[in-house]
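Mapping of the sequence shown onto this note's numbering: position 29 corresponds to residue 660, and the numbering continues sequentially without gaps.
For glycine and all other residues, C-beta sits at the position ideal for the given N, C-alpha and C.
Computed from a prediction, not measured in an experiment: that's the story for all the values here.
See structure below.
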Amino acid sequence: MRAEVEGTPWPVLRIRFEEEGERVYAHRHSLRAFSEGVSRRVRAPAGGLTSLLKQSLVMLELRGRPGAEAVLAHPKYHGAIVLVDVEDRAYVAARSVLMLTPGLSYSVRWGLFANRLKFGEFALTEVRGSGAVALAAPASAYVKKIEEGETYYVDNRIFIALVGRCRTSLTLPSAADVFWTGRYWYVAVQGPCTAVLAGSLKR
């Protein structure tokens, strides 16, 4: 399967199936166009109750014959599409998921979820396997690679995804931090991992 980002300033993701029975997961409202040979099926992630309470976690399973194409665009975020390679696992803000390539599976994590990291989301998508995730995000989105032994402190409101086996913890601010910035804590991320972040808080 091939995936390419096309168009500015409102990008779309064009995917072409290359092998029989290839499957991708896409945001359930993302499909804009598709050719003959593409089949569609609604899929709920593990944790059915979450699917009922937060419908954005329900995804569309697309399967295609070799040569078939589909065009995806996120229904809310039009500023950027970021493709991130996943080896092992990633934690993704559910609101930003556009597509998961073959070889990846996903499930739901609640609240603070694993590793005590809070994204400010009701629930997150945990992605496992080997492949690529397409993330729709504001135009201000950027990728930060955090090296092994490095610690990066991040405002929880700008998280889009964490890719890799990084460690996370909450940091307690000083009284001055609270007074001057109004922020009560940041997330300390220890590498190695890749973080996809939004430069703007208006998401």
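Classify residue i as helix, strand or coil using the three-state DSSP reduction.
i           : result
residue 730 : strand
residue 699 : coil
residue 807 : helix
residue 819 : strand
residue 724 : strand
From which residue to which residue does the beta strand (DSSP E) around residue i run?
i           : result
residue 708 : It is not in any beta strand (DSSP E) - residue 708 carries neither H nor E in the DSSP assignment.
residue 638 : Segment: none, residue 638 is in no beta strand (DSSP E) and carries neither H nor E.
residue 665 : 662-665
residue 669 : 669-674
residue 654 : 653-658
residue 826 : 824-829
Assuming the contact rule is C-beta atoms closer than 8 Å, residue i and residue j should be a hit. Round their C-beta distance to whole Å, please.
i           : j           : result
residue 792 : residue 721 : 6 Å
residue 723 : residue 766 : 7 Å
residue 830 : residue 773 : 6 Å
residue 755 : residue 785 : 15 Å between Cβ atoms; not a contact.
residue 822 : residue 757 : The Cβ separation is near 19 Å, so there is no contact.
If distances are taken between C-alpha atoms only, which option among the options comes closest to residue i?
i           : options            : result
residue 706 : 692, 642, 700      : 642
residue 713 : 821, 635, 781, 655 : 635
residue 704 : 783, 772, 637      : 637
residue 696 : 654, 807, 820, 639 : 654
residue 728 : 717, 759, 764, 702 : 764
residue 673 : 795, 775, 769, 660 : 660
residue 716 : 700, 733, 709, 647 : 733
residue 694 : 666, 825, 640, 718 : 666
residue 612 : 701, 671, 652      : For residue 612 there is no data in the structure shown, the boundaries of the chain being 632 and 834.
residue 770 : 761, 759, 668, 789 : 789
residue 669 : 652, 675, 658      : 652
residue 739 : 781, 646, 825, 675 : 675
Checklist entry - What are the uninterrupted segments assigned as alpha helix (DSSP H) that are 4 or more residues long and contained completely in the segment 774-803, given in chain order? => result none
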